[in-house]
Amino acid sequence: RARALPPILTPQAAHAAQQYVVPPMHLSRGDARAALAAAPHRLKTTFDVGGQEQFYLEGQISYAVPVEDGGMKVWCSTQHPSEMQHLVAHALHRPAHAVQVECRRMGGGFGGKESQSALFACVAAVAATRLRRPVKLRVDRDDDFLITGRRHCFHYELEVGHDDEGRILGAEVTMVSRAGHSADLSGPVMTRALCHFDNAYWLPHVAMHGFSGRTNTQSNTAFRGFGGPQGAIAIESAIDSVARRLGKDPLAVRRLNFYGTGERNVTPYGQVIADNIIHEIVDELEDTSDYAARRVAVARFNADSPVLKKGIALTPLKFGISFNVVHLNQAGALVHVYTDGSVLVNHGGTEMGQGLNTKVAQVVAHELGLPLAAVRCTATDTQKVANTSATAASTGSDLNGKAAQHAARQIRDRIAAFVAGQWGGVPEQVAFANGQVFAAGRGWPFAEIVALAYLARVQLWSDGFYATPGLSWDKQRMQGNPFYYFAYGAAVSEVLVDTLTGEWKLLRADMLQDAGTSLNPALDIGQIEGAFIQGMGWLTLEELQWHPADGSPKAGLLTTHAPSTYKIPTANDTPDEFHTKLFQRPNTQDSIHRSKAVGEPPLLLPFSVFFAIRDAVSAAGGHRTDPPLQAPATPEAILRAITAVQSDR
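Mapping of the sequence shown onto the numbering used here: position 549 corresponds to residue 589, and the numbering continues sequentially without gaps.
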């Protein structure tokens with residue numbers, strides 16, 4: 041007879057029961073235990089950070105239509121059409137060529153439609169097959185919350201050893217995530233979390249242990265940052281605590297521990313950091329944000345204000361760009377030039393509001409010397425570009441932009457050879473600019489040359505392919521070069537906290553984000569500001585609650601499953617002063633036009649908000665004790681932390 045067991049709902053409970061969805065992971069360098077034992081000072085603490093709902097504006101939706109020869113066409117709101125094709129084919133017991141998946145655009149994704157759109161695509165396709173008619177499946181917001189997974193919450197057990205100045209000599213961390221009832225993407229999320237524990241800091245001796253806890257909750261999945269923010273915030277919390285215990289400015293301790301440029305520049309997983317610009321970014325932001333003077337002003341304000349307290353923090357970021365799984369770092373594209381001079385592009389990436397199609401169209405227009413209006417990107421379609429990777433890991437522009445560039449260059453080279461053959465000169469000297477083709481001292485409209493090339497039977501379409509070079513990863517040893525390059529950034533945030541209620545307000549935020557040579561500064565700034573507010577919501581507002589394991593039928597039920605019970609940031613949560621700037625320096629790697637990804641890295645910028653709140657809470661206790669503030673820093677959590685620091689006086 042079946043017997044109901046008490047549900048496991050938290051990472052701590054899963055860890056205690058040794059229930060995991062994937063085997064534990066361990067990543068180390070040096071001898072952390074010996075370094076901790078020999079350190080003049082040791083800090084041992086625990087820390088928790090909550091999960092986060094993607095809350096895309098368009099919910100999960102799939103529309104399946106039976107087509108001829110037993111085929112199935114699925115229009116799906118998904119970040120990964122090829123995986124949807126594979127899984128629908130599996131569900132229908134048909135080969136992949138019998139299933140076509142198309143995605144014109146999504147109303148937001150944020151990782152929540154990378155793998156978990158599969159359920160809705162498969163159910164719609166199976167129903168369409170059985171009913172022999174089109175089926176559309178669209179769930180409402182409550183069901184979306186209750187069915188799908190979200191960002192993994194993490195529990196940390198941390199120990200760091202440091203000297204009198206705050207220099208980290210050794211560190212050990214155990215990370216346990218709430219994975220949910222199945223593996224989904226919890227393994228790769230934990231891998232990235234471990235690879236980002238160092239953030240921007242040199243850790244000479246470190247031991248990291250990652251456990252993906254099996255819990256009786258929704259199976260958690262990807263969310264913008266994909267474990268990177270959860271890994272990096274742990275070391276930031278430790279360094280912040282070290283600084284407070286030493287009575288130092290946390291920025292001074294952070295700067296003391298930064299990676300070097302000629303030495304102290306190898307990550308715990310063995311990758312050399314050859315492009316470190318964190319020193320320049322932090323120096324510039326410290327100056328432009330007037331951090332030092334504002335820190336003095338904050339202290340002066342707090343001395344004269346018994347109820348309202350201000351806090352300020354500057355935090356850095358280093359984020360690796362590439363999929364941790366090497367074979368996923370590939371992309372394909374098709375470019376068609378029509379005889380009227382217009383251009384059609386199809387690539388394997390998906391548009392979800394991040395501007396990917398605009399950037400890819402820009403790349404093609406640049407290669408052919410055309411205005412952007414002459415180029416159009418069509419819907420992502422598994423019948424056009426096969427075996428694509430998910431649009432994730434901030435690789436959309438890097439991979440698909442390079443693939444489209446490869447295709448466009450082939451067409452350009454063919455046209456250049458035709459022009460040189462007709463009017464003299466060499467193909468390398470044929471130029472494409474401003475909708476014109478120039479050669480032998482003359483210029484012709486691009487459309488005119490294309491029409492003539494067609495009559496001469498020149499191929500005016502091409503496919504393109506790109507695979508990121510130089511990547512390697514040993515999953516067992518957790519060593520290699522998993523990232524093509526790193527993106528850097530920093531942010532300063534200033535907050536005001538009401539110590540009687542725990543309510544707070546972000547007064548000002550200054551951000552400086554490394555974008556390489558930006559393909560589109562307007563899009564990139566939009567991504568940075570959006571990521572900042574979204575990350576701020578994760579760390580301060582958005583709180584997931586499950587019914588406790590009390591033996592009732594409701595045990596384990598998600599209770600925050602609608603906008604009425606789950607709070608996300610609104611326009612009112614943005615600061616009155618919001619300064620965003622791109623740190624434009626060409627990427628040292630051969631990325632698309634030497635640009636850098638800006639999708640996920642900026643999600644680490646709002647760490648500054650959380651630690652500014654912690655600074656204000658510390659001020660409420662006279663900076664005598666380290667605030668026991670966890671994330672999300674809701675007003676209730678802030679008030680509890682204020683009570684704790686004031687009771688320790």
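Glycine included, every Cβ here is placed at the ideal spot set by N, Cα and C.
As the structure is a computational prediction, the values presented were derived from the model and not from experiment.
- Counting along the chain, GLN370 sits inside the beta strand (DSSP E) bounded by residues 370-377.
- CA-to-CA, the gap between GLN629 and VAL404 works out to about 20 Å.
- Annotated as proximal: GLY91 and ARG190, with beta-carbon spacing under 7 Å.
- Pairing GLU212 with ARG144, the inter-Cα distance amounts to about 46 Å.
- Pairwise C-beta distances place the stretch 419-429 out of contact with the stretch 488-500, as fewer than three of them are shorter than 8 Å.
- Boundaries of the beta strand (DSSP E) around THR355: 348-361.
- Shown here, ARG232 sits in a helix according to DSSP, grouped into three states.
- By the CB criterion at 7 Å, SER502 and VAL649 fall outside the cutoff.
- With contacts defined as CB atoms closer than 7 Å, PHE160 and LEU177 qualify as a contacting pair.
- A distance below 7 Å separates the beta carbons of SER429 and LEU368.
- Membership of CYS143 in the beta strand (DSSP E) is indicated by the continuous run 139-143.
- Counting only residues of its own chain and dropping the five nearest sequence neighbours on each side, GLU617 has a CB closer than 6 Å to the CB of ARG548.
- According to the DSSP secondary-structure assignment, TYR525 is paired through a beta bridge with ILE361.
- Contact between the stretch 676-684 and the stretch 601-611 is absent: fewer than 3 CB-CB pairs across the two stretches fall below 8 Å.
- 7 Å or more divides the Cβ of LEU384 from the Cβ of GLY436.
- Around TYR331, the same chain offers LEU354, VAL532 as residues with beta carbons nearer than 6 Å, after the five sequence neighbours per side are excluded.
- The straight-line gap separating the alpha-carbon atoms of HIS120 and LEU559 is approximately 24 Å.
- If you compare the alpha carbons of THR539, GLN469, ARG254, LEU645 with that of ASP554, the shortest gap goes to LEU645.
- With a contact defined as Cβ atoms closer than 8 Å, GLU407 and ARG452 qualify at about 6 Å.
- Bounds of the alpha helix (DSSP H) holding LYS442 are 436-463.
- When the beta-carbon positions are compared, ASP182 and ALA602 come within less than 7 Å of each other.
- If you draw a straight line from the Cα of ASP71 to the Cα of VAL246, it comes to about 7 Å.
- In this structure, the beta-carbon distance from LEU325 to LEU622 does not fall below 7 Å.
- The DSSP-derived three-state label of GLY267 is coil.
- Taken atom to atom, the span from the alpha-carbon of LEU286 to that of ALA292 is near 11 Å.
- In the DSSP assignment, THR86 forms a beta bridge with GLU197.
- The beta carbon of GLN258 sits closer than 8 Å to the beta carbons of LEU186, ILE187, THR188, GLY189, ARG190, GLY220, HIS221, LEU598 from its chain, once the five residues preceding and following it are set aside; these are given in chain order.
- As DSSP reads the structure, GLY483 sits in a beta bridge with PHE478.
- Taking the C-beta atoms as reference points, PRO615 is found nearer than 7 Å to LEU546.
- Its Cα nearest to that of ALA343, the residue ALA659 stands out among ILE313, LEU669, ALA659, ARG664.
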